[in-house]
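Student: Here you go, one structure.
Number of protein chains: 2
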Amino acid sequence: MRNLRFTLAYDGTNYSGWQRQANAIAIQEVVERVLTKICKEPITVAGSGRTDAGVHARGQVVSFRTTNRMPAERLSLALNSLLPYDIVARDSREVPQEFHARYSAQGKLYRYLIYNAKLPSPFQRNYTWHIPYALDIAAMNKAASLYVGTHDFSAFQASGGAPVDPVREIGSSYWQKNGDVWEYNVKGNGFLYHMVRNMVGTMIEVGTHKRPIESITELLQSGRRSDAGITAPAQGLYLEEVYY
Amino acid sequence: MRNLRFTLAYDGTNYSGWQRQANAIAIQEVVERVLTKICKEPITVAGSGRTDAGVHARGQVVSFRTTNRMPAERLSLALNSLLPYDIVARDSREVPQEFHARYSAQGKLYRYLIYNAKLPSPFQRNYTWHIPYALDIAAMNKAASLYVGTHDFSAFQASGGAPVDPVREIGSSYWQKNGDVWEYNVKGNGFLYHMVRNMVGTMIEVGTHKRPIESITELLQSGRRSDAGITAPAQGLYLEEVYY
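If you read the sequences in order, they're chains S and Z.
So for the first sequence, the numbering used here puts the first residue at 823; every next one is plus one.
So for the second sequence, the numbering used here puts the first residue at 823; every next one is plus one.
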């Protein structure tokens, strides 16, 4: 069996997320259906990680095994000729047998976009979180820097999930402004379920001075989810890149 | 009867355009339904002009008459509380009796967006025309400048439309580049049906050197539609502003 890897960009608006959930089709399903057609045998893929309903990707990495002998570099062309317009394959290649999109991942870069303007924009509604009030970007950047390092992120984990090791290492974490769009970039060796969205929701409360900057340090120490901020909505989140 | 005016931004992706056509709901219909609820009487609106299915607006101007006495400035808030997320009212105010969104218009600014990158983007598909090959922006800007002035635009009119005076005055016409997105801005005293999209389709052929720059001048002289370029797709077009 050959081991192939490709990278996907997708608009998550019309999907239940990477994995199947109620009421909508999953991106993984669509991709497997197309690959089964291309490879002429049943294909199951592994993604680098799940993305929730409405969450987007510019660099989701996927791997799978097949006996099909097509040139690996042609796979992304074949995918793009059959995938719907909101899922795009960016590249494809053959990888060593031991590579696995999920288990081989060493880290990830996520981006979160805020649309900061008085009125909502019909063009931004599925791609950003609209925040109509003033934000203190200096305070938010101080808060963001407090996430850097190795910490117990229990306070930023979705409540009610399966117990997992809550310690993660964040390499970089900062905000930058592009006109009305505020972009948060966070790179880490791994992320708990809803972790980025909970980190963002908490920083927004710092940006509106509802919460002191030092509260981030306290949350990393206490691990109390109930003391953290709200979960930022799914449509502002992008899986940008996966590192191996 | 009071005469009220408001400005709309909308994402045209899910509509049949400003006016009703087969198979999809029209933006005008949605707006009239909401206004009828707000004003508690049947409302018919006038838009500054029609936009086709898939065409967007950031500055569509709308006027209507009502006996309702609510403060005119509150109208846009009332609209935004009832309109779907892909239609946003930007402002509202009372205007003199003689004002009419369509008949009082003195000019319009349209924008057309090209996404110039090898691969399509899932995030740009409904908002730009994807062109995967190299474009000569200098040649396109020379072509764009030839539209400026008062000309017979018959060659850029949709074929088969009702006969109208084809002479229009273009005040400014230029391309600028923002990363992978190329933005064409054209301001004129009026536009024929499909005129901007036909102007863009023709300029793209100049940008790929399939057509000489001077062909624009020839088309403005000959008026032959069959000699002009293709009609650029709807989803790249934005009605930016209407001048009164």
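Beta carbons are placed, not taken as given, at the ideal position from N, Cα and C, and that holds for glycine.
Values in this document were obtained by computation on a predicted structure and should not be read as measured data.
Buried or exposed: which applies to residue 878 of chain Z, given that a residue is buried once 16 or more other Cβ atoms fall within 10 Å of its Cβ?
Tutor: buried
Student: Does residue 944 of chain S pass the burial test, meaning 16 or more other C-beta atoms within 10 Å, or should it be called exposed?
Tutor: buried
Student: With 16 as the cutoff for other CB atoms within 10 Å, does residue 936 of chain S come out buried or exposed?
Tutor: buried
Student: At a Cβ cut of 8 angstroms, what residues of the segment 942 to 953 of chain Z count as close to chain S, listed as they run along the chain?
Tutor: Along the segment 942 to 953 of chain Z, going in chain order, the ones with a CB nearer than 8 angstroms to a CB of chain S are 942, 943, 944, 945, 947 and 949.
Student: Assuming residue 923 of chain S contacts residue 898 of chain S (C-beta within less than 8 angstroms), just tell me the rounded distance between them.
Tutor: Their Cβ separation, rounded to whole angstroms, is 15 angstroms, which puts residue 923 of chain S and residue 898 of chain S out of contact at 8 angstroms.
Student: Would you kindly work out how many angstroms separate the C-alpha atoms of residue 813 of chain Z and residue 1019 of chain S, rounded to a whole number?
Tutor: Summary: the structure shown does not reach residue 813 of chain Z, with chain Z confined to residues 823 through 1066, and so no result is reported for it.
Student: Give a yes or no on whether the minimum CB-CB distance between residue 912 of chain Z and chain S is below 8 angstroms.
Tutor: By this cut-off, residue 912 of chain Z is an interface position.
Student: Could you tell me whether any non-hydrogen atom of the ligand SAM is closer than 7 angstroms to the CB of residue 1054 of chain S?
Tutor: The ligand SAM is not among the ligands present in this structure, which contains no ligands whatsoever.
Student: Pull up the distance between the alpha-carbon of residue 848 of chain S and that of residue 1030 of chain Z, whole angstroms please.
Tutor: 39 angstroms
Student: Determine whether the beta carbon atoms of residue 930 of chain S and residue 1064 of chain S lie at a separation below 8 angstroms.
Tutor: yes
Student: I want to verify the contact list: residues of chain S whose CB lies under 8 angstroms from the CB of residue 832 of chain Z, in sequence order.
Tutor: 944
Student: By the criterion of Cβ-Cβ separation under 9 angstroms, what are the contact partners of residue 909 of chain S in chain B?
Tutor: Included in the structure are the protein chains S and Z, with no chain B among them.
Student: Applying the criterion that 16 or more other CB atoms from any shown protein chain within 10 Å of the CB defines a buried residue, is residue 919 of chain Z buried or exposed?
Tutor: exposed
Student: Name the one or two DSSP bridge partners that residue 846 of chain Z has.
Tutor: Z:843
Student: Residue 949 of chain Z: which of Z:836, Z:1059, Z:831 and Z:979 sits nearest, CA to CA?
Tutor: Z:1059
Student: Three Cβ pairs or more, each shorter than 8 angstroms: is that satisfied between the segment 957 to 976 of chain Z and the segment 1031 to 1049 of chain Z?
Tutor: Short answer: they touch.
Student: Can you check which of these residues, Z:980, Z:906 and Z:870, is closest to residue 1066 of chain Z by C-alpha distance?
Tutor: Z:870
Student: Return helix, strand or coil for residue 833 of chain Z, following the three-state DSSP convention.
Tutor: coil
Student: Quick check on this structure: which residue in Z:946, Z:1003, Z:903 and Z:1057 has the alpha carbon closest to the alpha carbon of residue 959 of chain Z?
Tutor: Z:1003
Student: Please confirm whether residue 980 of chain S and residue 1016 of chain S have their CB atoms less than 8 angstroms apart.
Tutor: yes
Student: So residue 1022 of chain Z is in the alpha helix (DSSP H); what residue range does that whole segment cover?
Tutor: 1017 to 1029
Student: Three or more C-beta pairs under 8 angstroms: does that hold for the segment 899 to 917 of chain S against the segment 859 to 873 of chain Z?
Tutor: No contact exists between the segment 899 to 917 of chain S and the segment 859 to 873 of chain Z.
Student: Could you tell me the alpha carbon to alpha carbon distance between residue 883 of chain Z and residue 830 of chain Z, rounded to whole angstroms?
Tutor: 6 angstroms
Student: Could you have a look at residue 1042 of chain Z and say whether DSSP puts it in helix, strand or coil?
Tutor: Here DSSP, grouped into helix, strand and coil, assigns residue 1042 of chain Z to helix.
Student: Since residue 865 of chain Z and residue 854 of chain Z are thought to touch, with beta carbons under 8 angstroms apart, how far apart are those beta carbons, to the nearest angstrom?
Tutor: 6 angstroms
Student: Roughly how many angstroms separate the alpha carbons of residue 842 of chain Z and residue 859 of chain S, rounded to a whole number?
Tutor: 39 angstroms
Student: Could you tell me which of Z:946, Z:1012, Z:985 and Z:957 sits nearest to residue 907 of chain S, measuring between CA atoms?
Tutor: Z:946
Student: Could you check where the alpha helix (DSSP H) with residue 964 of chain Z kicks off and where it finishes?
Tutor: 959 to 968
Student: In the DSSP assignment, find the unbroken beta strand (DSSP E) run with residue 905 of chain Z in it and report its ends.
Tutor: Going by DSSP, residue 905 of chain Z is part of no beta strand (DSSP E) at all; its letter is neither H nor E.
Student: Where residue 1027 of chain S and residue 836 of chain Z are concerned, what is the direct C-alpha to C-alpha distance, given to the nearest angstrom?
Tutor: 34 angstroms
Student: Cα separation between residue 903 of chain Z and residue 954 of chain S?
Tutor: 15 angstroms
Student: Since I believe residue 928 of chain S is in contact with residue 1011 of chain S (beta carbons under 8 angstroms), could you give me their beta-carbon distance rounded to a whole number of angstroms?
Tutor: 7 angstroms
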